[in-house]
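Asks: Residue numbers (this note's numbering), protein chains in the order written: chain A, 1 to 378; chain B, 1001 to 1429; chain C, 2001 to 2530; chain D, 3001 to 3250.
In this text, a Cβ means the ideal position worked out from N, Cα and C, and glycines have one as well.
Everything numeric in this text was worked out from a predicted model, so none of it was measured.
1) Can you check whether the CB of residue 2442 (chain C) is closer than 8 Å to the CB of residue 2306 (chain C)?
2) Does the segment 1328-1345 of chain B come into contact with the segment 1113-1128 of chain B, if we say contact requires no fewer than three beta-carbon pairs (one atom in each stretch) closer than 8 Å?
3) Could you work out which residues of chain B lie near residue 2201 (chain C), taking near to mean beta carbons separated by less than 9 Å?
4) Quick one: list the residues of chain A neighbouring residue 1330 (chain B), beta-carbon separation under 8 Å, in chain order.
5) Nearer than 7 Å: is that true of the beta carbon of residue 2363 (chain C) relative to any heavy atom of the ligand ADP?
6) In three-state DSSP terms, what is residue 196 (chain A)?
7) Rounded to whole angstroms, what's the CA-CA distance from residue 154 (chain A) to residue 2328 (chain C)? Just pull it up for me.
8) Give me the residue from D:3069, D:3082, D:3033 and D:3165 with the minimum Cα distance to residue 3095 (chain D).
9) Which bits of chain C does residue 1209 (chain B) rub up against, with CB to CB less than 7 Å?
10) Quick one: what's got a C-beta closer than 8 Å to residue 1223 (chain B)'s C-beta in the same chain, skipping five residues either side?
11) Quick one: what does DSSP say residue 2167 (chain C) is sitting in, helix, strand or coil?
12) What does a CB cutoff of less than 7 Å around residue 2083 (chain C) pick up in its chain, not counting 5 residues either side in sequence?
13) Hey, how far is the Cα of residue 1387 (chain B) from the Cα of residue 1321 (chain B)?
14) If we cut at 8 Å on Cβ distances, does residue 1026 (chain B) have a partner in chain A?
15) Any residues in the segment 1175-1188 of chain B with a beta carbon nearer than 8 Å to a beta carbon of chain A? Which ones, in chain order?
16) For residue 3016 (chain D), write down the residues that DSSP places opposite it in a beta bridge.
17) Can you name the residues of chain B whose CB is closer than 7 Å to the CB of residue 2345 (chain C)?
18) Who are the Cβ neighbours of residue 2113 (chain C) in its own chain at under 8 Å, not counting the five residues just before and after it?
19) Taking residue 2033 (chain C) as the reference, give the member of C:2405, C:2140, C:2109 and C:2244 with the closest Cα.
20) Would you say the segment 1180-1199 of chain B touches the segment 1145-1155 of chain B, given that touching needs at least three Cβ pairs under 8 Å?
21) Could you tell me whether any Cβ in chain D is nearer than 8 Å to the Cβ of residue 302 (chain A)?
22) Using alpha carbons as the reference points, say which of A:185, A:207, A:319 and A:263 lies closest to residue 111 (chain A).
23) Assign residue 956 (chain B) to one of three DSSP states: helix, strand, or coil.
24) Would you check if the distance between the CB atom of residue 302 (chain A) and the CB atom of residue 8 (chain A) is smaller than 8 Å?
25) With residue 2468 (chain C) and residue 2513 (chain C) assumed to form a contact (beta carbons below 8 Å), what rounded beta-carbon distance in angstroms separates them?
26) In chain C, what lies closer than 7 Å to residue 1107 (chain B) by C-beta?
27) Whose Cβ in chain C lies nearer than 7 Å to the Cβ of residue 165 (chain A)?
28) Which residues share a DSSP beta bridge with residue 2086 (chain C)?
29) Determine the chain B residues that contact residue 2032 (chain C) at a beta-carbon separation under 7 Å, and present them in chain order.
30) Under 8 Å Cβ-Cβ, which residues of chain B neighbour residue 2367 (chain C)?
31) Quick one: is residue 3255 (chain D) near chain A, going by C-beta distance under 8 Å?
32) Would you say residue 2256 (chain C) and residue 2475 (chain C) are within 8 Å of each other, going by their C-beta atoms?
33) Going along the chain, which residues of its own chain have a beta-carbon closer than 6 Å to the beta-carbon of residue 2145 (chain C), five neighbours each way excluded?
34) Tell me the DSSP bridge mates of residue 3232 (chain D)?
35) Residue 2294 (chain C) to residue 1247 (chain B), Cα distance in whole Å?
36) For residue 288 (chain A) versus residue 79 (chain A), is the C-beta spacing smaller than 8 Å?
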């Protein structure tokens, strides 16, 4: 368990790599002349940015699943809520540049002839408010949902399934055009963010760097949480919940706290994702998406924060490559990967690597073989 | 240990993407071919409709190459799978344009996928041909809409029902997304302008993939048995149609009692249904496989040989791709280059024969002229054209029946503007 | 367009006259069939029907079956044997003139045909035909049919048909201004007795300028019918709920075994349903090509096959993947999710991405009318089917040794093992059973939903909701859960609409799980702590 | 609520618990004094574990009163609150946090502020360290302080868990079969440890191992079918006809 110090070796490596990415990408894309072998093509910048956002999302899932045994199959909902909060801000930024040139109403409202802006759109033209909502909207939902669920000790599979229900319900809700979130088309055709045009390469680079910083920040936050006594309690809850109760810990409070925190992280990821992909629509709420996130974590290595990041990057890079190279077969590959990992690498890429490392250390230190390190299943 | 691990993987993340680029760039730099992007979902929920369009494009490109290619170069299709995932559409579009350097892209089906790729095409200044009937209210410099605008499908259909079937009561049933919403708004406005009373219009929306239609069909029956002739105008989206029609058949709603005219049900969709109970229900399109013209006969024959399956049907969006592709080819020949700006200028006014015996023209608003056909479903899952417009109908980018857009026009030839306001005489206001 | 039409018509009429020497209403009408305009055809039908000409019925029936050919003013009937008969003269006609086209029909023409045939066949010897005719006349309310109608009512023996005839007569008389007052009043009461939507429509649309007494009576009758219908529509709604519930039950019941008793979160469950549906498709294809006669039985043939196919795949999955994951439910979730992707894409590559047609056997189409309640046969079949599957499964689990073993293994694997039960084999069989049942569900769902690679996805979430809501590890819970959700959904739909209704329901389930974290029929006691 | 204030530390009166029909506890009454050690014996299903569940708030009794220090109504509090009151519990099968080091196990158990905020910002103090050192000494795990608890032997886990109980500084310890799966030596040592603990704290020990109970040499309560069958010195109890019949056999 690498929960001893805030900055263990692994963290340093992760942060170093992130720093490298934050520097290299702008250099390779901005400074290197197009056409030169080292030039990083423009279309890769938002793509990598997207991966980074997904990595942050995966990180948030790993925090609760890997360290507290809470498997949320609805984290896509928090991601999407953060995305919508940002999307609404970007919509309001369009101002009179929409096709109907309505100074206030977004196009889709004019188009379904809404008369005035719904109350919940107020304030989103002001960036600080939007930024606040990016945290609050997912946070509040997670808090309310978690408060109900954890108080009545809904655990394991049941929790996972009602989180699915939650995100599914939200998806249906956001699909409704009457909701005032643009229905199936969602929010799109963004022009600029805090004054900078989204189409400009520079803006993209900045967004990319911001995403990397957010990821690094998120990583450090998670490290800090799990290396504190709080983190030890989380692991205790994961491994022996009732024991923790009998020790006098209010397990539900811990779960609620970490669940809300994780939801906010997901929200931030969503907020950074939207301007880079240029659209947010209800299919982000699709239960399938949330499940996929869990799978990134599983692939990378549950309970090892770095693994979550790794998994997100690997799977999505693979997805990009397959959908381009072997369109007909990428689902086979994706499905196969999930089966393979759960069967043969229950602790994911990084976890397995760690096991090897641990084992060699063990053998080196004492002859007693390490016991199964895999955390007790819920 | 873990150090190497991470770094390796992290590199891979980058290199995987880089790999794509280099792999494709390798061929892109080789200038002997003109690349054509095909952006249709081959997996996910939309694969059901879009896969066919991918095949059509492959066929058309093959045909063109048989004819000696374009500007003396061979055409090469670049197929990608956006997997019914809207952000992925944008990502793939970006890849096609900036990596593969495609000369034009043929793709998208749903409005949301189009909306998602729009900014990309504007930014990278490329060309998209969009082959599906849609809600209108849009005209972009970089997009050519070869599918029907509402005035090329919905309104003629309603007129037909009113005249030929004497319909007085209307059910506007649709899936809850932007195309049905808009179409129904337009129709509602239109019907009211024709003196239909509000109580004679029933509007109902259902979620995507709605599968339990018992209540709604029952409501329709109830609404229909008020003594006045009733018809259903259905903008129900793809997947939900099969259970809808099955329920109609089960509850014995016959076309002679309450005809249903659909705007999103074509030969492909019917291929999934037992059509015997549906005989007489209608669809409004700009093309039917059953249309008997030499062009169409030839096309169908080619299609069946290309797919090596004589059960394969053809449908309206396929024709739209045929027309769009031929227009693009003509425009490129006219401009003598595939440079988007030149092609965009050259293509307006280009005329190509469509498959229903007319000659479609690309209009300054980047929509095309189309005939409107009303067909009744036959037992064999084909349509029997029972009415069609005398000439071709020009597509309106902006509906005259929506207050938001009634003053807007699009003209990329002279005004160079997609949303010119005829009142304020300003572009984009 | 129009002027052209008229020109054409003029020409045609001209030709028509020259063609037919003896001119009667019938002969005059015939040429209109060759005008190629629906309105002309429409008129022609009316004229021919009312002409009383012996050929009239034959002509109209031919038109209905697309056997009426016309070309430059001449009209021919192709009799089923293929020979041509000149409609005007009635004599057989060897060499057909060129450019004969079948007269085209559209809805409007079809309606005209129905009405006309209705009037003509009222006196047919066949009771069924007479019934149809009566219904047709009721719909068309064609006064011309009145004399025939009176005659028919007079001599009708069959009570059902007689009533239908009287209703038809009433429908005409009610709106017939010059009919006698008592006739019209009796018409009102007849319609009131009929008491369905059509009757209501007639009664409530009675023009206000009819005699006040009549209007009052009609008003009263309409109210009576209305209140009756309201009651029935409530019942109808409950029925819809039940039938939706049984669909949910079918989808979820297999899951109740794999998830409920084995604790495997089988995300590929929906794909098992899909496999069942595709099996049905394949079976029907084979039948269509080899022995169309068997089509009626296709579903029965498909059932066992679907069970075997899905079951086999299930066992394969269990042996190859799931058995390594027991006690790690969440891992099974991930693995089976992967499998579901593979299965979907597999089906997509084999059968193509588009919907496949699964036909409905004749015996499943149509509806059963009781009161103002119409229960469509296929829904009835599905409800009955769902409940019987449930019953069989219950019996299997309770009384067969397999069931016994399954329960033993799921309750205490080690103990069961030590008692000589081959637990791994039981696991495989149980999983196979669950999957097989899903396959059977697929056969039923193929009747109401589209058979596409995405079929399963549509049901997976609902299925889990049902199982969790009902209480894991308890088949009865699944039954009650499915029915509750189904009915609740349908009762909500009229008020909240389809989408909101579903949302409300999901939220309700979430809250319910808070109250009873282990569902409706939860296992109590220490077992839970394990 | 106006409960009868009793001098005894733990006071159970007429406590009944039934799981769908089956009565796990049947009008059980029991009183334990401050710094008393009590051994509970009885056949399987006699309700020993259920009694502990009631005392620790895991199970709510259908009827009856359970008072701690004569004032706190245990039936109204949840596990955490009861633990805070000063009731520690050791499970039948040793449950420690396998993934944590021995040291961390004790750290988590230390009597300190339990709230999320507190733990999130808490930093190791010297004083904590000393307390942990002392505990490690007492349960003889000093050598293993950095090993994962999961790697300990069965007996060591038992002791670690007892150590965690002590770290909580409870007034009452509930200890379920501490001798199970231990060598004779370990068993004897455990008995010593418990007697030592019982000098300052009340201890309830559930045990099957008669020699162990004899080693403890304390008042014994024999449960049967959810209620007290006999109570008194071990000899008195074990000579009781019914006890012999239902439990000791022979």
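Replies: On the basis of the coordinates in this document:
1) A contact, by the Cβ cut-off of 8 Å.
2) These segments touch.
3) Simply 1225, 1226, 1227 and 1228.
4) Listed along chain A is no residue with a C-beta nearer than 8 Å to that of residue 1330 (chain B); the closest approach is about 29 Å.
5) Among the components modelled here there is no ligand, and therefore nothing to report on the ligand ADP.
6) Strand.
7) If you take the alpha carbons of residue 154 (chain A) and residue 2328 (chain C), they lie about 18 Å apart.
8) Closest option to residue 3095 (chain D), Cα to Cα, is D:3165.
9) Correct list: 2458.
10) If we look at residue 1223 (chain B) and ignore the five residues flanking it on each side, its Cβ neighbours are 1169, 1171, 1202 and 1230.
11) Here residue 2167 (chain C) sits in helix by DSSP.
12) So the qualifying residues of the chain are 2092.
13) Whole-angstrom Cα-Cα distance: 24 Å.
14) Any reading at residue 1026 (chain B) is ruled out, since the residue's pLDDT is 41, under 50, leaving its predicted position unreliable.
15) If the cut-off is 8 Å between Cβ atoms, the segment 1175-1188 of chain B has 1176, 1177, 1178, 1181, 1182 and 1185 near chain A.
16) In DSSP, residue 3016 (chain D) forms a bridge with D:3063.
17) Simply 1043.
18) Cβ neighbours of residue 2113 (chain C) within its own chain (closer than 8 Å, five residues either side excluded): 2045, 2060, 2063, 2064 and 2105.
19) When C:2405, C:2140, C:2109 and C:2244 are compared, the shortest CA-CA separation from residue 2033 (chain C) is found for C:2109.
20) Yes, the segment 1180-1199 of chain B touches the segment 1145-1155 of chain B.
21) Answer no: the Cβ-Cβ gap between residue 302 (chain A) and chain D never drops below 8 Å.
22) Here the closest residue by C-alpha is A:185.
23) Coverage of chain B is limited to positions 1001 through 1429, which leaves residue 956 (chain B) absent and any answer about it impossible.
24) Going by C-beta atoms, residue 302 (chain A) is not nearer than 8 Å to residue 8 (chain A).
25) Their Cβ separation, rounded to whole angstroms, is 7 Å, which keeps residue 2468 (chain C) and residue 2513 (chain C) in contact under 8 Å.
26) Residues of chain C passing the Cβ test: none, with the nearest at roughly 16 Å.
27) Here the neighbours are 2465, 2506, 2509 and 2510.
28) The partner list for residue 2086 (chain C) (beta bridge, DSSP) reads C:2076.
29) Under the 7 Å cutoff, chain B gives no residues; its nearest Cβ is about 17 Å from residue 2032 (chain C).
30) Chain order gives the chain B residues near residue 2367 (chain C) as 1250, 1251 and 1252, where near means a beta carbon separation below 8 Å.
31) Only positions 3001 to 3250 of chain D appear in this structure, which leaves residue 3255 (chain D) out of reach.
32) Judged by beta-carbon spacing, residue 2475 (chain C) lies within the 8 Å limit of residue 2256 (chain C), meaning their Cβ atoms are closer than that value.
33) Cβ within range, chain order: 2119 and 2137.
34) Bridge partners of residue 3232 (chain D): D:3220.
35) Whole-angstrom Cα-Cα distance: 24 Å.
36) Between residue 288 (chain A) and residue 79 (chain A), the CB-CB gap reaches or exceeds 8 Å.
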